[in-house]
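Number of protein chains: 2
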Amino acid sequence: MNKEAEPGGTGLPAHERAYRDLRDRVLFGALAPGQPVTIQGLVEDTGAGMTPVREALRRLCAEGALQMLGNRRITVPELDAAAVAELTEARVALEPLLAARAAHLAGPEEIDALRAIDTALDAAIARGDVPGYLKQNHRFHSRLNAVAAAPILTSVVDGLWLRFGPSLRVVCGQVGTRNLPDRHKDLLTALARRDAQAASEAMRADVEQGMALISASL
Amino acid sequence: MNKEAEPGGTGLPAHERAYRDLRDRVLFGALAPGQPVTIQGLVEDTGAGMTPVREALRRLCAEGALQMLGNRRITVPELDAAAVAELTEARVALEPLLAARAAHLAGPEEIDALRAIDTALDAAIARGDVPGYLKQNHRFHSRLNAVAAAPILTSVVDGLWLRFGPSLRVVCGQVGTRNLPDRHKDLLTALARRDAQAASEAMRADVEQGMALISASL
DNA sequence: TGGCCCAGAATATGATCAAATTCCTCCATG
DNA sequence: CATGGAGGAATTTGATCATATTCTGGGCCA
Chain A
1 MNKEAEPGGT
11 GLPAHERAYR
21 DLRDRVLFGA
31 LAPGQPVTIQ
41 GLVEDTGAGM
51 TPVREALRRL
61 CAEGALQMLG
71 NRRITVPELD
81 AAAVAELTEA
91 RVALEPLLAA
101 RAAHLAGPEE
111 IDALRAIDTA
121 LDAAIARGDV
131 PGYLKQNHRF
141 HSRLNAVAAA
151 PILTSVVDGL
161 WLRFGPSLRV
171 VCGQVGTRNL
181 PDRHKDLLTA
191 LARRDAQAAS
201 EAMRADVEQG
211 MALISASL
Chain B
219 MNKEAEPGGT
229 GLPAHERAYR
239 DLRDRVLFGA
249 LAPGQPVTIQ
259 GLVEDTGAGM
269 TPVREALRRL
279 CAEGALQMLG
289 NRRITVPELD
299 AAAVAELTEA
309 RVALEPLLAA
319 RAAHLAGPEE
329 IDALRAIDTA
339 LDAAIARGDV
349 PGYLKQNHRF
359 HSRLNAVAAA
369 PILTSVVDGL
379 WLRFGPSLRV
389 VCGQVGTRNL
399 PDRHKDLLTA
409 LARRDAQAAS
419 EAMRADVEQG
429 MALISASL
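Just so you know, the protein sequences line up as chains A and B, in that order.
FYI, my numbering numbers position 40 of the first sequence as 40, with every residue one higher than the one before it.
FYI, my numbering numbers position 182 of the second sequence as 400, with every residue one higher than the one before it.
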């Protein structure tokens, strides 16, 4: 039937592969804010055809990860203070909702999985591994959102993450892995106690801390 | 080859025209929930080429207006109770923020424009004009969001509207234009008084009333 | 009922056309 | 004589199309 979930990723459509490849580049900082993104450049880099790359770009633009300038040019958005403020407002409004839902629904095995990711995250911080931190941090929140079982809210929040991914990468490149937001311990204990209120608060603190970091680097 | 042979040739690229056409169909109920959407059907309907239609569909899918089934099929999403609950949560979390911002920024001319739209909306309700109501209601909220000058929040909220557009059309077709949400008067007076708190409350009431209507029709 | 085959639709490719930026040249002016 | 700007050609990039290929779904037959 479905031949998805193939290890290695080969076997799913080319435009889907191109999309995930590009999205990971945006999320984990392979692309810098303000950098122009050309179709033909991506075609050469990824080896994919032109049409799949185009469709991947359209999807990313629709999600806000990239922006189409009027003159058929595509760039990675540069965030100004107003944009960071908006993103902070949106994240503060939405992500605590997901945390609260997760607190109601999380089972022991999901919490253990989250704890394992958080441990890997701490290890990445300890060894100053910025890409590792970004990746594990994203995995933590992504996994938490999956627990919340709210696909619409999750997709909206994923779109927000795509918007500040490049800038977060820049910040981490500047300040290293020190002073990074990590309210995950509070979050995990709140989840274990099924305390939606505390989970919500911890998430809000984590979000505000992270966005303040970006805001301070402008 | 020939591009001027088509009547009504606007200056916009074909994929942009196809996108707006399709988006309006979703927003104003030309497509029913659950209805399959085929590329070649759109090609025949709109007269556009295949590639622009494909890109428009990708954008709409990325925004949540349409959903890609795993099997290369695309349909208009059918909302269940959980989806409506999520959409309600998201709208209640975000749209009052926009209303509050608008209350701080609205000038007399913007308020007059909103009042004019609301008058046209009342007229549409009075004459039982469902498409007119949908159009004016969307124009009202869209204009209000423009006043708030928050492009990121606005684009997120626009995505939410795309998700419940088809279902709202179904509801209005069932119950007519009676009992439709219209807290716009409260909203307008709050805006005129620059009362962000009251604007926020009025928006929350409008959102909850509208979503309750959809929720009740399941 | 279960497997095979076929029609039809979606995906992917490359070619071709159009637009925009860039860079170069040339002329006017200080 | 040098410099700066306007204009135009060339290159780079994006948009569209026609077509080949692949995959899904349903009908047919054993």
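The beta-carbon is built from N, C-alpha and C at its ideal position, and this holds for glycine as well.
The structure displayed is predicted, hence computed values, not measured ones.
Assignment of A:Gln-67 by DSSP, reduced to helix, strand and coil, places it in the strand class. A residue is called buried once 16 or more other Cβ atoms fall within 10 Å of its Cβ, and B:Asn-397, having fewer, is exposed. Taken through DSSP and simplified to helix, strand or coil, B:Thr-293 comes out as strand. In the displayed model, B:Leu-386 falls within a helix according to three-state DSSP.
Annotation for B:Val-388: Gly-247, Ala-250, Pro-251, Ser-435 place their beta carbon closer than 8 Å to its own, counting only its chain and skipping 5 residues before and after. In this structure the stretch 114-122 of chain A does not touch the stretch 65-73 of chain A; the number of beta carbon pairs closer than 8 Å is below three. Counted as a single uninterrupted DSSP element, the alpha helix (DSSP H) harbouring B:Gln-258 occupies residues 257-264. When C-alpha distances from A:Lys-135 are compared across A:Ala-18, A:Leu-213, A:Leu-160, A:Leu-168, the shortest belongs to A:Leu-168. Closest in C-alpha terms to B:Leu-316, from the list B:Arg-411, B:Arg-412, B:Leu-371, B:Val-393, comes B:Leu-371.
Contact between B:Ala-366 and B:Ala-320 holds: CB atoms are separated by about 4 Å, below the 8 Å threshold. Shown here, A:Pro-96 sits in a helix according to DSSP, grouped into three states.
The alpha-carbon of B:Cys-390 is positioned some 46 Å away from that of A:Gln-35. Per the C-alpha coordinates, the member of B:Leu-312, B:Pro-369, B:Asp-400, B:Asp-376 positioned closest to B:Tyr-351 is B:Asp-400.
Per DSSP, reduced to three states, the secondary structure at B:Leu-436 is coil, with no helix or strand assignment. DSSP, reduced to helix, strand and coil, places A:Pro-36 within a strand of the structure shown. Within chain A, the residues placing a beta-carbon under 8 Å from that of B:Leu-305 are Ile-152, ordered along the chain. Taking the beta carbon of B:Arg-381 as reference, the chain A residues within 8 Å of it are Ile-152, listed in sequence order. Rounded to the nearest angstrom, the Cβ distance from B:Pro-270 to B:Ala-236 is 5 Å, consistent with a contact under 8 Å. Remark: C-beta atoms of B:Leu-380 and B:Glu-281 approach each other more closely than 8 Å. Distance from the CA of A:Arg-139 to the CA of A:Asn-145, rounded to the nearest whole angstrom, comes to 10 Å.
For A:Phe-140, the uninterrupted alpha helix (DSSP H) run begins and ends at 130-148, by DSSP. With respect to the 8 Å criterion, A:Val-92 and A:Val-207 are classified as neighbours on the basis of their beta carbons.
Apart from the 5 residues on each side of it in sequence, A:Glu-78 sits with its Cβ closer than 6 Å to the Cβ of Pro-33, Gly-34 in its chain, given in chain order. Of the candidates A:Gly-107, A:Ala-123, A:Gly-159, the residue whose Cα lies closest to the Cα of A:Ala-190 is A:Gly-107. In the DSSP assignment, B:Thr-395 falls outside any alpha helix (DSSP H) and carries neither an H nor an E. With its beta carbon less than 8 Å from one in chain B, A:Ser-155 belongs to the interface.
In the structure shown, the three-state DSSP call for A:Leu-12 is strand. In the displayed model, A:Leu-162 falls within a helix according to three-state DSSP.
Across the set B:Gln-427, B:Leu-275, B:Pro-369, the C-alpha of B:Leu-275 shows the shortest separation from the C-alpha of B:Arg-243. Secondary structure of A:Ala-106 (DSSP, three-state): coil. For the pair A:His-104 and A:Arg-194, the CB atoms are nearer than the 8 Å cut-off. In the DSSP assignment, A:Asp-80 falls outside any alpha helix (DSSP H) and carries neither an H nor an E. When DSSP states are grouped into helix, strand and coil, B:Asp-400 belongs to the coil group. By the CB criterion at 8 Å, A:Glu-86 and B:Ala-368 fall inside the cutoff.
Within the same chain, and ignoring the five residues on either side of B:Met-421 in sequence, the residues whose Cβ sits closer than 7 Å to its Cβ are Glu-313, Pro-314, Ala-317, Leu-405. Around the beta carbon of A:Ala-83, 16 or more other beta carbons sit within 10 angstroms, so the residue counts as buried.
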